Structure formats: structure tokens, C-alpha cells
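Undergrad:
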Amino acid sequence: MSQQALKAVESIVSIVKRRLVERTGPLVVAIDGGSGAGKSMLAADAALYLGATVIQCDDFFRATITDEEWDTYTPEQKCLRCIDWQRMRTEVLSPLLAGHKAQYHPFSFSSGNGLASHFVTVEPSNCIILDGIYSALPVLSDVVHLTILVNVIPELRRHRHNIREGSSDTEWHARWDAAEDYYFSELRPPSTFDLIVEN
Numbered sequence: 003m004s005q006q007a008l009k010a011v012e013s014i015v016s017i018v019k020r021r022l023v024e025r026t027g028p029l030v031v032a033i034d035g036g037s038g039a040g041k042s043m044l045a046a047d048a049a050l051y052l053g054a055t056v057i058q059c060d061d062f063f064r065a066t067i068t069d070e071e072w073d074t075y076t077p078e079q080k081c082l083r084c085i086d087w088q089r090m091r092t093e094v095l096s097p098l099l100a101g102h103k104a105q106y107h108p109f110s111f112s113s114g115n116g117l118a119s120h121f122v123t124v125e126p127s128n129c130i131i132l133d134g135i136y137s138a139l140p141v142l143s144d145v146v147h148l149t150i151l152v153n154v155i156p157e158l159r160r161h162r163h164n165i166r167e168g169s170s171d172t173e174w175h176a177r178w179d180a181a182e183d184y185y186f187s188e189l190r191p192p193s194t195f196d197l198i199v200e201n
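At the far end of the sequence shown sits residue 201, using this note's numbering, and the numbering has no gaps.
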């Protein structure tokens with residue numbers, strides 16, 4: 003882990019511990035940032051220190067919406083609709099916040115209904131981390147208690163994304179870059195987050 007990533011994890015762990023002292027129930031933390039920012043790595047490392055449960059927001063991607071349909075949506079519509087937040091609330095957040103384990107089918111592009119046949123099981127804990135872009139959407143403000151932005155300049159994020167995907171991923175960038183830019187400029191500018199970490 004780089005020194006910058008280590009510093010980011012330490013900052014996340016520190017603020018979560020402070021917030022946990024102030025709460026009687028589970029703390030829901032959104033670790034947000036653009037594609038390629040390194041959210042998942044930081045979420046996983048922070049969870050080890052905190053004993054936290056991590057929810058991968060991508061598991062709730064609306065896989066039944068076709069690429070052609072996505073291309074008719076505005077950037078704002080893409081931000082609001084790409085993740086099935088209601089399913090996440092019902093199947094995961096509600097049980098975990100009540101102290102129960104949760105089970106859900108993650109998304110799958112290959113199945114007819116957009117859901118994999120297997121279950122993902124997550125255990126309750128006093129800290130629940132939502133790992134994913136758009137996880138700090140205002141529509142979730144009633145269940146998200148702490149918002150963290152993993153801040154990386156767009157050019158570097160997109161370069162990391164391409165390395166991860168093994169290609170220039172031109173079609174994906176054409177479809178989603180404008181939505182990400184809109185989200186972090188209009189819906190959730192950096193100044194609205196509780197904590198910003200660099201990675």
C-alpha cells in the first residue's frame with residue numbers, strides 16, 4: 003500500500019471511530035468516488051481495521067437496462083438510476099440496520115433477469131460501508147450517516163479504469179464519463195462530503 007493510500011485509510015478509520023462513539027446503532031458510511039479512484043481497496047482496508055461490513059453497490063446495478071436505453075438518459079438520470087437503491091435498502095440495509103444478516107442476489111449480465119443465481123450473505127456490524135460511486139446521493143441521506151469522497155483527478159481515474167479493464171473501454175467512457183462529471187459537479191460536489199481523502 004502506498005503512503006498516500008495508508009494515510010487515506012487512517013483518515014477513514016479515525017473519522018468512523020469518532021462517529022461510532024456518537025451513535026447507538028450501526029453507522030452507514032458511503033465511500034464514494036469516480037471509477038478508478040480506488041474506493042474498493044480503501045473500503046476493504048478500512049473494514050479490516052473497523053470490523054465493518056462492506057456492501058458493493060455494483061452488485062445492485064440495473065443490468066436489465068440495455069446500453070441503448072442508457073444512451074437515451076441524461077447524465078442526471080444515469081446517476082439516479084444505475085443502481086437499484088430501493089432493492090439495496092430492502093434486501094440489505096434494512097436487515098443490517100436491524101441487526102440481522104442479509105442475503106441478496108448480485109447483478110449478472112448473463113442472466114435473463116439481471117441477477118445471479120447465487121446469494122451474497124453479509125453479516126451485521128456496527129459499521130456498514132457502501133462501496134461505490136453515487137453511494138452519497140442525496141436520496142440516501144436518510145440512511146447514510148457519513149460520506150467520504152476518494153478524490154482522484156479524472157484523467158488518472160480513467161487511466162486506472164482502463165488498466166483494470168484491460169482496454170481503452172471507449173464505449174463505457176462515452177456512456178458514463180459525463181454522468182460521473184455531472185454527479186461530482188452538480189449532485190455531489192466535493193464540498194458536500196464529510197471527508198475527502200486523496201488516493
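Even glycine gets a Cβ: it sits at the ideal position worked out from N, Cα and C. Keep in mind that this is a model prediction, so the values were computed, not measured.
Counting pairs of Cβ atoms below 8 Å between the segment 50-59 and the segment 183-193, do you hit three or more?
TA: No, they do not touch.
Undergrad: Per DSSP, which residues does Thr149 bridge with? Please list them.
TA: Here the question's residue 149 lines up with position 147 in the sequence shown. Looking at the DSSP assignment, Thr149 forms a beta bridge with Ala32.
Undergrad: Can you pull the DSSP bridge partners for Glu12?
TA: If you number the sequence shown from 1, residue 12 lands on position 10. Answer by DSSP bridge pairing: none, since Glu12 is not bridged.
Undergrad: What is the DSSP secondary structure of Val23, reduced to helix, strand or coil?
TA: Start at 1 with the first residue of the sequence shown, and residue 23 comes out as number 21. Correct three-state label for Val23: helix.
Undergrad: To the nearest angstrom, how far is it from the Cα of Ser187 to the Cα of His147?
TA: Here residue 187 is taken as the residue at index 185 of the sequence shown, counted from 1. Here residue 147 is taken as the residue at index 145 of the sequence shown, counted from 1. Whole-angstrom Cα-Cα distance: 21 Å.
Undergrad: Just confirm the distance between the C-beta atoms of Ile150 and Ile33, as a whole number of angstroms; I'd bet it's less than 8 Å.
TA: Counting from one through the sequence shown, the residue named residue 150 turns up at place 148. Counting from one through the sequence shown, the residue named residue 33 turns up at place 31. Right, their Cβ atoms sit about 5 Å apart.
Undergrad: Distance check for Phe109 and Asp61, CA to CA, integer angstroms please.
TA: By one-based count along the sequence shown, residue 61 stands at place 59. By one-based count along the sequence shown, residue 109 stands at place 107. Cα to Cα, Asp61 sits roughly 5 Å from Phe109.
Undergrad: Hey, out of Asp179, Pro156, Val30 and Val18, whose CA is closest to Pro126's CA?
TA: The sequence position of residue 126 within the sequence shown is 124, counting from 1. That would be Val30, whose Cα lies nearest to the Cα of Pro126.
Undergrad: What would DSSP say about Thr92, mapped onto helix, strand or coil?
TA: Here residue 92 refers to the residue found at position 90 of the sequence shown. Reduced to three states, the DSSP call for Thr92 is helix.
Undergrad: Among Ala176, Pro28 and Met43, which one has its Cα closest to the Cα of Ala10?
TA: The sequence position of residue 10 within the sequence shown is 8, counting from 1. Residue Met43 is the option with its Cα nearest to Ala10.
Undergrad: Based on the DSSP secondary-structure assignment, which residues constitute the bridge partners of Cys129?
TA: Here residue 129 is taken as the residue at index 127 of the sequence shown, counted from 1. Bridge partners of Cys129: Leu29.
Undergrad: Rounded C-beta distance between Pro28 and Leu142? I'm assuming under 8 Å.
TA: Start at 1 with the first residue of the sequence shown, and residue 28 comes out as number 26. Start at 1 with the first residue of the sequence shown, and residue 142 comes out as number 140. Going by Cβ atoms, the distance from Pro28 to Leu142 rounds to 15 Å, so no, they are not a contact pair.
Undergrad: Using CA atoms only, rank isn't needed, just tell me which of Tyr185, Gly134, Asn115 and Pro140 is closest to Val56.
TA: Reading the sequence shown from its first residue, position 54 is the one you call residue 56. That would be Gly134, whose Cα lies nearest to the Cα of Val56.
Undergrad: Distance, Cα to Cα, Met90 vs Arg25?
TA: On the sequence shown, position 88 is the one that residue 90 refers to. On the sequence shown, position 23 is the one that residue 25 refers to. Straight-line Cα distance between these residues: approximately 22 Å.
Undergrad: Given Asp196, which residues of its chain have a CB within under 8 Å of its CB, disregarding the five upstream and five downstream residues?
TA: Position 194 of the sequence shown holds residue 196. So the list reads Ile17, Leu148, Thr149 and Ile150, once near-sequence residues are dropped.
Undergrad: Using a 10 Å radius around the Cβ and a threshold of 16 neighbouring Cβ atoms, would you call Lys19 buried or exposed?
TA: The residue given as residue 19 occupies position 17 in the sequence shown. By the neighbour-count rule (16 or more Cβ atoms within 10 Å), Lys19 is not buried but exposed.
Undergrad: Would you call the CB atoms of Pro77 and Ala176 closer than 8 Å?
TA: Position 75 of the sequence shown holds residue 77. Position 174 of the sequence shown holds residue 176. Contact: no.
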